[in-house]
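Heads up, the thing below is written out as structure tokens.
There are 2 protein chains.
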Amino acid sequence: MRILIIEDEPGISGFLKQGLEEEAYAVDIAENGKEGLEMALEGYYDILLVDWMLPGMSGVEITRRFRKEFPSTPILFLTAKDTSDEAIFALQTGANDYIRKPFNFEELLARIRVQFRNQSDHQLSLTLGPICLYTENHRVEVNGKEVILTQKEFALLEYLIRHKNKVCRRSRIIESVWDIHFDYDTGVIDVFINSLRKKLGLTKDNNYIQTIRGVGYMAREE
Amino acid sequence: MRILIIEDEPGISGFLKQGLEEEAYAVDIAENGKEGLEMALEGYYDILLVDWMLPGMSGVEITRRFRKEFPSTPILFLTAKDTSDEAIFALQTGANDYIRKPFNFEELLARIRVQFRNQSDHQLSLTLGPICLYTENHRVEVNGKEVILTQKEFALLEYLIRHKNKVCRRSRIIESVWDIHFDYDTGVIDVFINSLRKKLGLTKDNNYIQTIRGVGYMAREE
DNA sequence: TAAGTCTTTAAGCAAATCTTAAGAAAGAAA
DNA sequence: TTTCTTTCTTAAGATTTGCTTAAAGACTTA
């Protein structure tokens, strides 16, 4: 899941980035409206968090232009404290929700999850055969026994399971789990797939994570 | 534990804030009904203390609207009048309890604790292996022997134990135990975890407080 | 105001994780 | 089969994250 934060205050965007990365989201930051819109229009993001007051281009303007191209990507506004009129206006412009600063992280997260839930079912626990992954708890079990995964291993497994029974292209995986600007010619995915298969105890008879040669990988379940 | 006081008289709200902070609660104040309702609806308070007579919006109205969204968060009324009719009306509206001004602070505190006690997840004593934490008298024991903790150490331990066997992400810990706007890039948590582990006598064989790398910490008990 | 305690910052060190790279293995095509 | 391409596996180096300590800063209390 990719999130773009368009926010000029480094304190806020930094805090958000860290918090969301702890939740295994892939987060990018744009520091002004122009840059933000450009990044957003690249179309890789699953949700935008946009500050209302921005140098260069206002959040409303961003929303308006972005909406033309991407009618369904959720936009969540971050507004200063006592501007509920403006917030209503934001919703009319095309935002999906707004949250007032200073905000509580828990609440923000809940609102993000609501947006994802509306899109597709963004469940808290995901399964793949004997593998069970709890997103909230950062915990993975195989046949009820805990398996310790690192951040990246966890994010990769989550991505694959969320796209269960669909082929995941290498480029897509890199974009979502690593970074958009990550070197395409890398072997990281292979390395992490390898360690996932090891840790999860997957064998060839038992290959819940299949290799699709020339394309990528697929989490497979009958 | 976060408390929101909605009260227009600064003398009273200030007195309450100070007293409650001494009891290690995190306290915010709203000075009128409208602001109070907005803050309350942000949803991260564990209890509301609401003045009956408020400019802008009455306590009853706040209760009515708040209850729609949060059916279980306790609301405690502060009433000036001695008429039990109004008190009964308040309770019918959705308040959990009321207390008459001028009130005795001890009594208020007792009533707040009653509310927490009624909630299933607000026990008076919390345990984690050999560690026992008594919220009422701010006391911690390990194998029956008292250990002296400072305010912050206590608050951190309480947070971890209340979320026993769940991963506590750094950003959430900062938000709950420190402040929403605390510098996200800080090492305070590490320092306090360190002193907790020392004071509680935790070792690697005995690690009731686990580190979850890249995410946070977890109070673990089989 | 001064002494004492608690909280926060900062910095060096240690450990875990991530990335790269290169040879081995497996699969596809000729 | 042979050759070429893609993926697997391993290990070493780079990087990040957390631990620990010390000291500065903030706050209390007398």
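Going down the list, the sequences are from chains A and B.
Numbers 1 to 222, taken from our numbering, label the letters of the first sequence in order.
Numbers 1001 to 1222, taken from our numbering, label the letters of the second sequence in order.
C-beta: ideal position from N, C-alpha, C; glycine also.
Every value quoted in this text rests on a predicted model; they were computed, and no experiment measured them.
F1105 (chain B) and V1027 (chain B) have their C-alpha atoms some 15 Å from each other. Between E61 (chain A) and the set A:I174, A:R213 and A:L37, the nearest pair of CA atoms involves A:L37. By the criterion of at least three beta-carbon pairs nearer than 8 Å, the segment 1057–1072 of chain B is not in contact with the segment 126–142 of chain A. Near chain A, meaning a CB-to-CB distance below 8 Å, no residue of the segment 1057–1079 of chain B qualifies. DSSP places F77 (chain A) in the uninterrupted beta strand (DSSP E) bounded by I75 to T79.
At a cut-off of 8 Å between beta carbons, I1212 (chain B) contacts chain A. Contact between the segment 9–20 of chain A and the segment 1170–1184 of chain B is present: three or more C-beta pairs spanning the two stretches fall below 8 Å.
Excluding sequence positions up to five before and after M1057 (chain B), its CB lies within less than 7 Å of the CB of G1033, K1034 and L1037, all in the same chain and listed in chain order. Just so you know, the alpha carbons of M53 (chain A) and S13 (chain A) end up roughly 14 Å apart.
For M1218 (chain B), the secondary structure class from DSSP, reduced to helix, strand or coil, is strand.
About 19 Å separates the beta carbon of E141 (chain A) from that of F192 (chain A), a gap too long to meet the 8 Å contact definition. According to the DSSP assignment, K1145 (chain B) belongs to the beta strand (DSSP E) that extends over K1145 to V1147. Residues of the same chain with a CB within less than 7 Å of the CB of I209 (chain A), apart from the 5 flanking positions on each side, are L160, I193, L196, R197, L202, Y217 and A219 in chain order. Around the beta carbon of D51 (chain A), 16 or more other beta carbons lie within 10 angstroms, which makes this residue buried. By the C-beta density criterion, N1096 (chain B) is buried, having at least 16 other C-beta atoms within 10 angstroms. Closer than 8 Å to the CB of E1042 (chain B) there is at least one CB belonging to chain A. Within a 10 Å sphere around the beta-carbon of I1173 (chain B) sit 16 or more other beta-carbons, which makes this residue buried. Residue pairing of V142 (chain A) in beta bridges, as defined by DSSP: A:I131 and A:K145. Boundaries of the alpha helix (DSSP H) around T1063 (chain B): G1059 to E1069. For E7 (chain A), same chain residues with a beta-carbon under 6 Å away, outside a window of 5 residues either side, are S13 and D51 in chain order. Against chain A, a Cβ distance below 8 Å from V1167 (chain B) picks out E136, N137, H138 and R139. In the DSSP assignment, the residues bridged to I6 (chain A) are A:A30 and A:V50. If you draw a straight line from the Cα of T1079 (chain B) to the Cα of D1046 (chain B), it comes to about 20 Å.
Just measuring C-alpha positions, the residue of B:W1178, B:K1204, B:K1199 and B:R1065 sitting nearest Y1025 (chain B) is B:W1178. At a beta-carbon threshold of 7 Å, the residues of chain B lying near F105 (chain A) are S1171, R1172 and E1175, ordered along the chain. Against F192 (chain A), chain B offers no close residue; the least beta-carbon distance is about 14 Å (beta-carbon pairs closer than 7 Å). Residue pairing for S125 (chain A): DSSP places it in a beta bridge opposite A:Y134.
Shown in chain order are the members of the segment 17–50 of chain A whose Cβ falls below 9 Å from a Cβ of chain B: K17, Q18, G19, L20, E21, E22, E23 and A24. Using a Cβ distance threshold of 8 Å, K1164 (chain B) and E1222 (chain B) do not count as a contacting pair. Between the alpha carbons of C168 (chain A) and E42 (chain A) lies a distance of about 20 Å. Taking C-beta separations shorter than 8 Å and ignoring five residues to either side along the sequence, the partners of I1099 (chain B) in its chain run L1076, F1077, L1078, T1079, E1107, L1108 and R1111, following chain order. Going by C-alpha positions, V215 (chain A) is about 29 Å away from I29 (chain A). In the structure shown, Y1159 (chain B) adopts helical secondary structure according to DSSP, grouped into three states. Across the set B:N1206, B:F1066, B:E1022 and B:E1021, the C-alpha of B:F1066 shows the shortest separation from the C-alpha of M1039 (chain B). Straight through space, the alpha carbons of G1011 (chain B) and V1147 (chain B) are spaced by roughly 37 Å. Excluding sequence positions up to five before and after G1129 (chain B), its CB lies within less than 6 Å of the CB of Y1208 and E1221, all in the same chain and listed in chain order.
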